[in-house]
Amino acid sequence: MLLLTPGPTPIPERVQKALLRPMRGHLDPEVLKVNQAIQERLRALFDPGEGALVAALAGSGSLGMEAGLAGLDRGPVLVLVNGAFSQRVAEMAALHGLMPTVLEFPPGEPVDPEAVAKALRAKRYRMVALVHGETSTGVLNPAREIGALAKEAGALFFLDAVTTLGMLPFSMREMGVDYAFTGSQKCLSAPPGLAPIAVSLEARKAFTGKRGWYLDLERVAEHWERGGYHHTTPVLLHYALLEALDLALEEGIEARERRAREVYAWLLEELSARGFRPYPEASP
1 MLLLTPGPTP
11 IPERVQKALL
21 RPMRGHLDPE
31 VLKVNQAIQE
41 RLRALFDPGE
51 GALVAALAGS
61 GSLGMEAGLA
71 GLDRGPVLVL
81 VNGAFSQRVA
91 EMAALHGLMP
101 TVLEFPPGEP
111 VDPEAVAKAL
121 RAKRYRMVAL
131 VHGETSTGVL
141 NPAREIGALA
151 KEAGALFFLD
161 AVTTLGMLPF
171 SMREMGVDYA
181 FTGSQKCLSA
191 PPGLAPIAVS
201 LEARKAFTGK
211 RGWYLDLERV
221 AEHWERGGYH
231 HTTPVLLHYA
241 LLEALDLALE
251 EGIEARERRA
261 REVYAWLLEE
271 LSARGFRPYP
281 EASP
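FYI, in UniProt numbering the residues of the sequence shown are 1 to 284.
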């Protein structure tokens with residue numbers, strides 16, 4: 001079988017074999033060592049800065065998305081929408097009472113920084129939310145530019161990195177990101193079921209809303225940072241994620257980006273010769 005979906009993606013043999021390791025308890029010292037190793041690798045990929053929380057939540061990328069909204073102390077939130085997953089951010093923000101303002105852009109086109117700057121001049125926001133790579137259309141949004149605008153406006157910056165982390169150069173510090181998350185099944189090529197997150201020190205101070213027990217990131221930190229009990233974690237998925245993270249770092253993010261762009265260029269050329277054209281406009 002040839003798997004060609006945007007996610008889940010094919011699992012490398014090393015990752016597949018990691019799933020065959022013997023089951024251990026989720027508080028077993030060996031498993032806690034694996035968790036520490038996962039955190040080290042995630043810090044290398046997210047680059048979230050000192051005092052940040054990094055963890056892999058037990059759930060899909062949507063759990064990572066909601067966790068970054070459920071804990072925010074207050075709104076309003078400016079949500080930049082140009083596809084299905086940014087629309088999901090807006091829906092979740094509304095459910096959590098964060099008074100979202102939705103700034104819409106045509107699907108297939110990247111978010112316009114000038115329009116965002118205008119919105120930030122007109123109103124003060126607690127957080128700005130952006131989907132970096134919008135899976136539903138294939139658009140890559142200008143995260144670095146939006147991050148700079150958010151910081152200038154004194155707002156936190158929330159970034160969905162589900163289709164970018166592990167395949168494109170990424171630095172929360174350099175991009176001004178306060179909360180970022182991904183899914184294990186996309187660029188990392190691990191099985192679905194984990195949502196790696198990173199929370200800057202500034203965001204941790206603001207995440208006091210606690211609208212949900214499972215989504216309370218300080219409870220999550222009790223397990224990931226101090227080895228305490230929060231919930232029963234999917235141990236075998238942790239083994240697989242660690243192997244996938246090692247593969248990504250061994251290859252190098254620049255090499256992975258180059259490989260992805262080469263495959264995309266080839267595919268675009270082949271499809272164009274058959275009369276197809278890409279849906280999204282050019283994006284960064």
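Virtual Cβ for every residue (Gly too), placed ideally from N, Cα, C.
| Contacting residues, own chain, Cβ-Cβ under 8 Å from PRO169 (five flanking each side not counted) | Cβ within range, chain order: ILE253, GLU254 and GLU257.
| field | Every unbroken alpha helix (DSSP H) inside the region 176 to 238 [4 residues or more] | value | Listed in chain order, the complete alpha helix (DSSP H) runs (minimum 4 residues) inside the region 176 to 238 are 201 to 206 and 217 to 224.
| task | Please report the Cβ distance between PRO278 and LEU268, rounded to the nearest whole angstrom; I am assuming they are in contact, meaning their Cβ atoms lie under 8 Å. | result | Contact between PRO278 and LEU268 holds, with the beta-carbon distance rounding to 6 Å and staying under 8 Å.
| Are the CB atoms of ALA58 and PRO234 nearer to each other than 8 Å? | Taking 8 Å as the Cβ cut-off, ALA58 and PRO234 qualify as a contacting pair.
| Whole-Å CB distance - LEU80 paired with ILE11, under 8 Å assumed | Not a contact, Cβ separation roughly 32 Å.
| message | So for ASP160, helix, strand or coil by DSSP? | response | In the structure shown, ASP160 falls within a strand segment according to DSSP collapsed to helix, strand and coil.
| task | Could you say which of ARG144, PHE85 and LEU201 lies nearest to SER136 if we only look at CA atoms? | result | Among ARG144, PHE85 and LEU201, the Cα nearest to that of SER136 is on PHE85.
| For GLU134 versus ASN141, is the C-beta spacing smaller than 8 Å? | Taking 8 Å as the Cβ cut-off, GLU134 and ASN141 qualify as a contacting pair.
| said: According to DSSP, is GLU109 part of a helix, a strand, or is it coil? | reply: It is coil, neither helix nor strand.
| task | Specify whether the region 27 to 43 and the region 221 to 231 touch according to this definition: at least 3 beta carbon pairs, one from each stretch, less than 8 Å apart. | result | Counting Cβ pairs under 8 Å, three or more are found: they touch.
| query | According to the neighbour-count rule (16 or more other Cβ atoms, all chains shown, within 10 Å of its Cβ), is PHE105 buried or exposed? | reply | So PHE105 ends up on the buried side.
| field | ALA203 versus LEU45, LEU3, GLU50 and THR9, residue with shortest Cα-Cα distance | value | By alpha-carbon distance to ALA203, the top candidate from LEU45, LEU3, GLU50 and THR9 is GLU50.
| message | For LEU194 and SER184, I'd like the C-alpha separation in whole angstroms. | response | Going from the Cα of LEU194 to the Cα of SER184 covers about 5 Å.
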